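Please read the structure below before turning to the comments.
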Amino acid sequence: MKKKRDLIIGLALIVVLLVVLRILEVNISPQSQWAMLLTVLKKGSIYALVAVSMNLLNGFTGLFSLGQAGFMMIGAYTYAIFTIPVDQREMVYMYYDGGIIQFALPAVLGIILAGIAAALFAFLIGIPVLRLKSDYLAIATLGFAEIMKALFQWDSLGPLTNGSNMLRSYPTPASASVIYPFVVSGICIAIIVMLINSTYGRAFKAIRDDEIAAEAMGINLAHHKRIAFTVSSFFAGISGALLAMFQTNVQAKSFNSAMTYEILLIVVIGGIGSVTGSVISSFLFIACSEWLLRFLDEQHVIGDFTVPLLRSGFRKVVFSIIIMVIVLFFRQGIMGTREFSISGIIDKITGKSRKAKREGGNS
Amino acid sequence: MSETVLKVENVTMQFGGVIAVDNMNIVVNKGEIVSMIGPNGAGKTTAFNVITGVYAPSNGAVYFGGKKIVENYPQGKMKKLYKGENNGMYSHSIAPTPDKITQLGIARTFQNIRLFKSQTVFENILIAEHLRRTSNLFTATFHLNMAEEEKMRREADELLEILELSDVRNEMATSLPYGKQRRVEMARALATKPSLLLLDEPAAGMNPQETDELTAFIGRIRNDFGLTIFMIEHHMDLVMEISDRIYVLDFGKTIAEGIPEEIQNNPRVIEAYLGGAVDE
Amino acid sequence: MDWLSKNLPFLLAGISVGGQYALIAIGYTMVYGILRLINFAHGDIFMVAGLMMVYLSASLPIYISIPLVIILTVIIGFTVERVAYKPLRSAPRMSVMISAIGVSYLLQNLALYITGGLAQQYPAIPWISDQITVFGASTKRVTVITPFLTIFLVIILVLLIKKTKIGMAMRAASKDFETSQLMGIKINNVISMTFIIGSFLAAVGSLLFFSNYTGVTPTIGTMPGLKAFVAAVFGGIGSIPGAVVGAFIIGICENLVMMANQYISIDISNFKDAFAFLLLIIILFFKPTGLFGEKQTDKV
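Protein chains in written order, with this note's numbering: chain A, 1 to 363; chain B, 1001 to 1280; chain C, 2001 to 2300.
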């Protein structure tokens, strides 16, 4: 009964959200100061997906991986390479005689392929890397991301990746409408949540809490770590494809370690081990860095008084300080390991105890 | 003579130049409660770790239900370093990971309780159900196998009921009092449906009353679940009351073996175990 | 002779950059040895040292700005530890690593703010930056000096750790953190000292490095930092000689990649940076504890 109620409310909220987004999109003109809101919504939803995928690894499986930007890059490139229209290829691949691929897939197939490519790489990389413990794993995954970056810019692979040149002119539905990245990210995040709530998700959490005890419970560590790593990379790949659409061009050098650090900080701010935390913090992070704190980058003059310090780059400094404060003093992040749920709120409003919800087994 | 469940054969475990377990031979028969005692550092937990696949032994083999599950011989660096007995007797390397051993039907608890700290008692038990899953990643993620999911939850609840832990079902496992945590850990081991249960100092840190309860509890689960139990313990009251047979270890060597009365009167045991402790 | 003049610059550059990596790598390996923390901000401390030199030398004579830069770098390293790592002493290791990443992010953004994102020209330091000719190959004097200076500093450091009381405390702390505390070692002083030494060497490393590669940008510390860490892992983390050997190997190898690039038809120059990581993954696969590292086992 209760599940059904939650499902109906959930679906209704999704419909309302999409309608609101559509209304916003239609009514905000590109010149208005609110146009930034649409950018934040688009980019925020894309980062939400990659943050949740990183949380699946770092927060739910306890694998400290720093390869997320690398897998995004693989996704972004795969999407771009396979969806550039045939008649555009001559122009994009001008240094490589139009490249070696002479067909184009529809965008949706491109997205799925982006995920598969990233997952495939992750599977292969996982064989040596996942044997490593905590910080060694972190540095090895970071290293692999660097190797991938060099590989994708390699001149000899130019006919495929366009070397160090930009890939562009591919279809960009996620840039055209805010609905697109929301729907794709939403579906992907829903799948991740379902995975976390399944028996596999429980095994991941067991590994996070205590590897030795998990193994004694009959959980094959190597197998489950590989699953978490591959699945996480699959979704990082998809978010990479979405990011490629959003940016309308792709270049390997932008997927650097700083990008991974940003994603990690998003996860930390949201709360390691909380999906909703990651989502909320993605939108906050993007909103602050792209929009709300923009004023810090411009000079302001009040009367004769010029506000000191404010000039280009100050926003990021303030931002970094905020992040440090969160890391040092609010280690739990916004959500800790809790989840924000509509059903929980309704229960609270209607005065039902939390215990009732726990009867279902999921906390 | 009843059927042998566990047989540890000529097992030597050497770390670098230090021999932790020296040519251990142990037999545990079906339905027995066998205890292993000995001073700290005698190699008891190491022996457990060899049986459960955490360490591969330097030399020797382990049989479970008549089947060889672990075997190793001095190789690599150990080839030169090895100074134990029976070198050359074994030539294969069978080194399953701990999860494989659990799947075969050996479950264990840990000396320093290892519960999943962010999870409730119920969730701790539920994890053990994972190894009997039939659904794959896809069907599990998309909840296409709800019957199995419900069966897992039902079985976990049944176990909690039997072990009288239903009242703490939704408590955080690590927030419970010490004695309860031990019991939850045993319940979790039982949830893997083992035929052999290894208990590593189940009464450590318990007061006399808790120890008495535990004694009854161990006897009960042996009968109710048709278990064979092999345990490490220091509480002599518990050991003497409950054990069918006892092995005594000192400095990695098995110095005595027998029924409780024999052990209590064995001069070597008194010297090594009690005498040694007094000297220190 | 022709072969020599064509290839010697690569070898010289390799040895020189190897020495510079070594000076940074010591900071990583010492901190990791005691705190089990990858100090992601260490590469950025190195960058900040470079940047401070740019700004200080603009208004002060070189002989004042050099010691000033070194002192300020040490103060920054010390402060970072006290502010960002010390409060997290009892927190999970992941939190401290995240804090290190946060500091790195902060330092980079501060540098971006101050420089406006433009590469800053590092001042030419007299004598060190002079052009000289070695076996017909033209190079800067710093290239030749670096390996000697590095080895000199390492010897002093090793003596310090072997002979002095604080050195003994450091060794004890890296062997067993908790027990050394029980033995009355003031662990916070030891850790601060570690950061002071690490930052001092990073400052010297930055003097040498930027005399050769003169553009200082906010993100320039990342790559040498990561490579120096790889060097530390390669040599066996916690081991100072290991870190030095590892750093020289990485420095030389990546320049050998550039040297080989002259002879083969496909261009592999952009793998110069990736090479260090390839080396890392290979060593972790075959000998996870590095060349000189000690084995650690988990207690069950």
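Here a beta-carbon is modelled for each residue, glycine too, at the ideal position from N, C-alpha and C. All figures in this text were calculated on a predicted structure; none of them were measured in a lab.
Give me the DSSP bridge partner(s) of residue i.
i, result
"residue 1003 of chain B", "DSSP output for residue 1003 of chain B lists no bridge partner at all."
"residue 1061 of chain B", "B:1009 and B:1071"
"residue 1108 of chain B", "B:1198"
"residue 1250 of chain B", "B:1253"
"residue 94 of chain A", "Note: residue 94 of chain A sits in no beta bridge, so no partner."
"residue 2140 of chain C", "C:2131"
"residue 1021 of chain B", "B:1013"
"residue 1036 of chain B", "B:1232 and B:1247"
"residue 1027 of chain B", "B:1007"
"residue 1258 of chain B", "B:1246"
"residue 123 of chain A", "Answer by DSSP bridge pairing: none, since residue 123 of chain A is not bridged."
"residue 1120 of chain B", "B:1172"
For residue i and residue j, what's the separation of their Cα atoms in angstroms?
i, j, result
"residue 1112 of chain B", "residue 1232 of chain B", "13 Å"
"residue 2123 of chain C", "residue 2114 of chain C", "17 Å"
"residue 1226 of chain B", "residue 1269 of chain B", "31 Å"
"residue 1020 of chain B", "residue 1046 of chain B", "7 Å"
"residue 2170 of chain C", "residue 2196 of chain C", "13 Å"
"residue 303 of chain A", "residue 2030 of chain C", "53 Å"
"residue 126 of chain A", "residue 340 of chain A", "32 Å"
"residue 43 of chain A", "residue 36 of chain A", "11 Å"
"residue 1248 of chain B", "residue 1040 of chain B", "12 Å"
Here's the rule: buried if 16 or more other CB atoms are within 10 angstroms of the residue's CB, otherwise exposed. What is residue i?
i, result
"residue 262 of chain A", "buried"
"residue 135 of chain A", "buried"
"residue 1980 of chain C", "Any answer about residue 1980 of chain C is impossible in this case: the structure gives chain C only from 2001 up to 2300."
"residue 1076 of chain B", "exposed"
"residue 2286 of chain C", "exposed"
"residue 2206 of chain C", "buried"
"residue 273 of chain A", "buried"
"residue 2179 of chain C", "exposed"
"residue 295 of chain A", "exposed"
"residue 1093 of chain B", "exposed"
"residue 33 of chain A", "exposed"
"residue 354 of chain A", "Its pLDDT being 47, under 50, residue 354 of chain A is placed unreliably in this model, and the value from its coordinates should be taken loosely. Classification for residue 354 of chain A: exposed."
"residue 1130 of chain B", "buried"
"residue 2265 of chain C", "exposed"
"residue 1235 of chain B", "buried"
"residue 1032 of chain B", "buried"
"residue 2003 of chain C", "exposed"
"residue 40 of chain A", "buried"
By the criterion of Cβ-Cβ separation under 9 Å, what are the contact partners of residue i in chain A?
i, result
"residue 2102 of chain C", "261, 265, 268, 320, 323, 324, 326, 327 and 328"
"residue 1119 of chain B", "202, 205, 206, 209 and 363"
"residue 2217 of chain C", "None at all; the shortest Cβ gap to chain A is about 12 Å."
"residue 1149 of chain B", "198 and 199"
"residue 2110 of chain C", "313, 316, 317 and 320"
Applying a beta-carbon distance threshold of less than 8 Å, which residues of chain A neighbour residue i?
i, result
"residue 1103 of chain B", "218"
"residue 1298 of chain B", "Look at the range of chain B in this structure, 1001 to 1280, and you will see that residue 1298 of chain B is not part of it."
Note down, in chain order, every chain B residue with its Cβ under 8 Å from the Cβ of residue i.
i, result
"residue 339 of chain A", "The contacting residues do not exist; residue 339 of chain A stays about 13 Å from chain B at best."
In chain C, which residues lie with their C-beta within 7 Å of the C-beta of residue i?
i, result
"residue 132 of chain A", "2284 and 2288"
"residue 147 of chain A", "2274, 2277 and 2278"
What residues from chain A crowd round residue i, counting only those whose CB sits closer than 7 Å?
i, result
"residue 2200 of chain C", "Going along chain A, no residue has its Cβ under 7 Å from residue 2200 of chain C, so there is no contact; the nearest lies around 24 Å."
"residue 1114 of chain B", "210, 212 and 213"
"residue 1140 of chain B", "198, 199 and 200"
"residue 1137 of chain B", "200 and 227"
Note down, in chain order, every chain B residue with its Cβ under 7 Å from the Cβ of residue i.
i, result
"residue 195 of chain A", "1141"
"residue 342 of chain A", "By Cβ distance, chain B contributes nothing, its closest Cβ being about 19 Å from residue 342 of chain A, past 7 Å."
Could you tell me if the beta carbon of residue i falls within a distance shorter than 8 Å of some heavy atom in the ligand HEM?
i, result
"residue 1181 of chain B", "What this structure holds is no ligand at all, so the ligand HEM is not there to describe."
Mind listing the chain C neighbours of residue i? Cutoff is C-beta to C-beta under 8 Å, in chain order.
i, result
"residue 349 of chain A", "Chain C residues near residue 349 of chain A: none, gap ~35 Å exceeds 8 Å."
Pair every Cβ in the segment 161-176 of chain A with every Cβ in the segment 239-258 of chain A, then say whether three or more of these pairs are closer than 8 Å.
yes
Between the segment 250-258 of chain A and the segment 2071-2083 of chain C, can you find at least three pairs of beta-carbon atoms closer than 8 Å?
Verdict: no, contact absent.
Contact between the segment 1102-1117 of chain B and the segment 1192-1200 of chain B: three or more CB pairs below 8 Å?
yes
Between the segment 55-66 of chain A and the segment 149-160 of chain A, are three or more C-beta pairs nearer than 8 Å?
no
At a cut of 8 Å, does the segment 306-320 of chain A reach the segment 74-92 of chain A through at least three beta carbon pairs?
no
Tell me, please, whether the segment 2013-2023 of chain C touches the segment 2138-2148 of chain C by the rule of three or more beta-carbon pairs shorter than 8 Å.
yes
For the 8 Å Cβ check, are there 3 or more pairs between the segment 1081-1090 of chain B and the segment 1010-1024 of chain B?
Taking 8 Å as the limit for Cβ pairs, the verdict is that the segment 1010-1024 of chain B does touch the segment 1081-1090 of chain B.
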